[in-house]
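Counted from 1, the sequence shown has number 138 at position 139 by numbering that gives the first Met the number 0; the numbering is strictly sequential. Beta carbons are placed, not taken as given, at the ideal position from N, Cα and C, and that holds for glycine. Model, not experiment: these values are computed from the prediction. As structure tokens, the structure follows; a few thoughts come after it.
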Amino acid sequence: MHLPAEICAQITGEIRQWNDRFAEEKALGNLSVVARYWRAEALRALWSKVVIDDADTGKAEPRGTIRMVGLIVEKGLAPNIDDLTIDLNMESYLEEIRYRNQEEQDDYGEMKYRHLIEEPDGYLPFFVNHPQVTELTFHVFSGEKVVYDIIQLPWLSRKYTTTDILPNLTKFIGVPEAAKFLRAGESLREMILWVNPQAIGDYDYDWFLRDLGHLDKPFPNVRRLGFKSSSGPFFSEEVLEAIGSCFPNVEHLDGLDIDQYFVDDLLEPDYVFKPYLCKLKELRYYAIERAPVHTSFRRVKRAMEKFPELFPSIESAVRSSKPMKLPVGQRRSPHKASRIHLRFK
Numbered sequence: 000m001h002l003p004a005e006i007c008a009q010i011t012g013e014i015r016q017w018n019d020r021f022a023e024e025k026a027l028g029n030l031s032v033v034a035r036y037w038r039a040e041a042l043r044a045l046w047s048k049v050v051i052d053d054a055d056t057g058k059a060e061p062r063g064t065i066r067m068v069g070l071i072v073e074k075g076l077a078p079n080i081d082d083l084t085i086d087l088n089m090e091s092y093l094e095e096i097r098y099r100n101q102e103e104q105d106d107y108g109e110m111k112y113r114h115l116i117e118e119p120d121g122y123l124p125f126f127v128n129h130p131q132v133t134e135l136t137f138h139v140f141s142g143e144k145v146v147y148d149i150i151q152l153p154w155l156s157r158k159y160t161t162t163d164i165l166p167n168l169t170k171f172i173g174v175p176e177a178a179k180f181l182r183a184g185e186s187l188r189e190m191i192l193w194v195n196p197q198a199i200g201d202y203d204y205d206w207f208l209r210d211l212g213h214l215d216k217p218f219p220n221v222r223r224l225g226f227k228s229s230s231g232p233f234f235s236e237e238v239l240e241a242i243g244s245c246f247p248n249v250e251h252l253d254g255l256d257i258d259q260y261f262v263d264d265l266l267e268p269d270y271v272f273k274p275y276l277c278k279l280k281e282l283r284y285y286a287i288e289r290a291p292v293h294t295s296f297r298r299v300k301r302a303m304e305k306f307p308e309l310f311p312s313i314e315s316a317v318r319s320s321k322p323m324k325l326p327v328g329q330r331r332s333p334h335k336a337s338r339i340h341l342r343f344k
């Protein structure tokens, strides 16, 4: 916003006195030095970024999320919003149980009363009506733990036929189930996928391949791919094949560690190398480990030195890990931080 400094200072002073986020009409009216032709630009600046959460209830009149959105639309402020975050809390006990992990759902005997809960489907019309969205972060967090975990949403597992949503999306962050409704268009170049949302300790290949299976179509234009997880995942031949079928042209891959058994395979004298991810240029893995995953980092480095035989276009590979900081009084792991950084071209 290109406003004179003294006007910005007065606007800031007014904002500090607000007890209602919709008081900007009165505030701007009180600023006699703000000429009429500055008003539109001031509104755009004030409403360019909006976060709707529990704090936005208003002191004079309680308002929920629906009311907040309604007021934004009613006052014609929606076109000014460039960055919108909506934090939806689970309101009822039934809704809370609905989104807990599968183990808890099993404890309730197949959840006979699930039909009482309406599946939230309003996000699809929202996406259809907002084709200008370029970046989307779409997941649900549970805030009960110190580390926020993503909750798997059962209603994301159904098939979607909508192909007209988010045609200009360039970046997506979320669980693989949520990627079902994405278009594999030319604009989508970056994806970050949350896997192992419940922090399952024995998260293995079957789980990871199942998660990748939610991507029911290839994304040929994605060049940068990342995975986020509380533990794992690891890559082997089978995992690389699955990733290649979904993202055949990926150039930058983050968040996958090499499996210890795959390390052994690569170091076998008679191992037959096959090319994977032929356009991959950069492979990176950064982790904070409670206990070391690999027993010998020298063997890991020797295996990584063979990456050019696996990835024909590879230019660099990084594997970096450091021990987790444990609370005072807990026994600390003896392992140290390690970093392997290789350049091939």
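{"Check": "Quick check: the region 181-194 against the region 166-173, are there 3 or more CB pairs under 8 Å?", "Outcome": "yes"}
{"Check": "Does the structure place the region 238-249 close enough to the region 269-281 that three or more beta carbon pairs sit under 8 Å?", "Outcome": "yes"}
{"Check": "Select from Pro78, Glu73, Ile51 and Met67 the residue whose C-alpha is nearest the C-alpha of Glu40.", "Outcome": "Pro78"}
{"Check": "Taking the alpha carbon of Tyr284 as the reference point, which residue from Leu309, Pro291, Tyr260 and Arg338 has its own alpha carbon closest?", "Outcome": "Arg338"}
{"Check": "Using a Cβ-Cβ cutoff of less than 8 Å, which residues in the same chain neighbour Pro307 once the five nearest sequence positions on both sides are dropped?", "Outcome": "Ile313 and Phe343"}
{"Check": "Ile172 lies in the beta strand (DSSP E); which residues open and close that run?", "Outcome": "Lys170 to Gly173"}
{"Check": "Following the continuous alpha helix (DSSP H) through Arg297, name the residue where it begins and the one where it ends.", "Outcome": "Phe296 to Met303"}
{"Check": "Have a look at Gly212 and Phe218 and give me their C-alpha separation to the nearest angstrom.", "Outcome": "13 Å"}
{"Check": "Measuring CA to CA, which of Phe234, Met190 and Pro130 is closest to Asn220?", "Outcome": "Met190"}
{"Check": "Using the rule of at least 16 other Cβ atoms within 10 Å of the residue's Cβ for burial, across every protein chain shown, is Gly173 buried or exposed?", "Outcome": "buried"}
{"Check": "For the beta strand (DSSP E) that Phe218 lies in, which residues bound it at each end?", "Outcome": "Run containing Phe218: none; DSSP gives neither H nor E here."}
{"Check": "Buried or exposed: Gly254, going by 16 or more other Cβ atoms within 10 Å of its Cβ?", "Outcome": "buried"}
{"Check": "One question on the structure: do Glu304 and Leu252 come within less than 9 Å of each other, judged by their Cβ atoms?", "Outcome": "no"}
{"Check": "Excluding the 5 residues preceding and the 5 following Leu214 in the sequence, name in chain order all residues of the same chain whose CB lies nearer than 7 Å to its CB.", "Outcome": "Pro175, Ala178 and Cys245"}
{"Check": "Let me know if Leu266 comes out buried or exposed under the rule of 16 or more other beta-carbons within 10 Å of its beta-carbon.", "Outcome": "exposed"}
{"Check": "For the beta strand (DSSP E) holding Ile347, just list the boundary residues, first then last.", "Outcome": "Since the first residue shown for the chain is 0 and the last is 344, residue 347 is missing from the structure and cannot be characterised."}
{"Check": "In angstroms with no decimal places, state the Cα-to-Cα distance between Val72 and Val127.", "Outcome": "17 Å"}
{"Check": "If I measure Cβ to Cβ from Tyr270 and keep anything under 8 Å in the same chain, skipping five residues before and after, which residues do I get?", "Outcome": "Asp264"}
{"Check": "Could you tell me whether the Cβ atoms of Asp256 and Pro232 are closer together than 9 Å?", "Outcome": "yes"}
{"Check": "Please say whether Glu236 and Glu281 have beta carbons closer to each other than 9 Å?", "Outcome": "no"}
{"Check": "For Trp193 and Leu76, I'd like the C-alpha separation in whole angstroms.", "Outcome": "33 Å"}
{"Check": "Using three-state DSSP, classify Asp210 as helix, strand or coil.", "Outcome": "helix"}
{"Check": "Please list the terminal residues of the continuous alpha helix (DSSP H) segment that includes Leu265.", "Outcome": "Gln259 to Leu265"}
{"Check": "Can you tell me which of the three DSSP states Ala77 falls into?", "Outcome": "helix"}
{"Check": "With a 10 Å radius around its C-beta and 16 neighbouring C-beta atoms as the bar for buried, classify Met67 as buried or exposed.", "Outcome": "buried"}
{"Check": "With distance defined between alpha-carbon atoms, name the residue in Leu208, Phe310 and Ser295 nearest to Tyr260.", "Outcome": "Ser295"}
{"Check": "Go ahead and pull the three-state DSSP assignment for Ala290.", "Outcome": "coil"}
{"Check": "Could you check if Ala302 is buried or exposed, using at least 16 other CB atoms within 10 Å of its CB as the buried criterion?", "Outcome": "buried"}
{"Check": "Can you grab the Cα-Cα spacing for the pair Val292 / Phe234, in whole Å?", "Outcome": "13 Å"}
{"Check": "To the nearest angstrom, how far is it from the Cα of Ala316 to the Cα of Asp82?", "Outcome": "34 Å"}
{"Check": "Quick one: residues in its chain with C-beta nearer than 7 Å to the C-beta of Thr136, no 5 flanking neighbours on either side, listed in chain order?", "Outcome": "Ile172 and Gly173"}
{"Check": "Taking all protein chains shown into account, do 16 or more other C-beta atoms lie within 10 angstroms of the C-beta of Leu309, making it buried, or fewer, making it exposed?", "Outcome": "buried"}
{"Check": "Could you have a look at Gly225 and say whether DSSP puts it in helix, strand or coil?", "Outcome": "strand"}
{"Check": "Pull up the distance between the alpha-carbon of Trp154 and that of Lys321, whole angstroms please.", "Outcome": "Caution applies to Trp154, whose pLDDT of 47 falls short of 50 and renders its modelled position unreliable; the model cannot decide the point."}
{"Check": "According to DSSP, is Asp269 part of a helix, a strand, or is it coil?", "Outcome": "coil"}
{"Check": "For His340, list the residues DSSP reports as bridge partners.", "Outcome": "Val317"}
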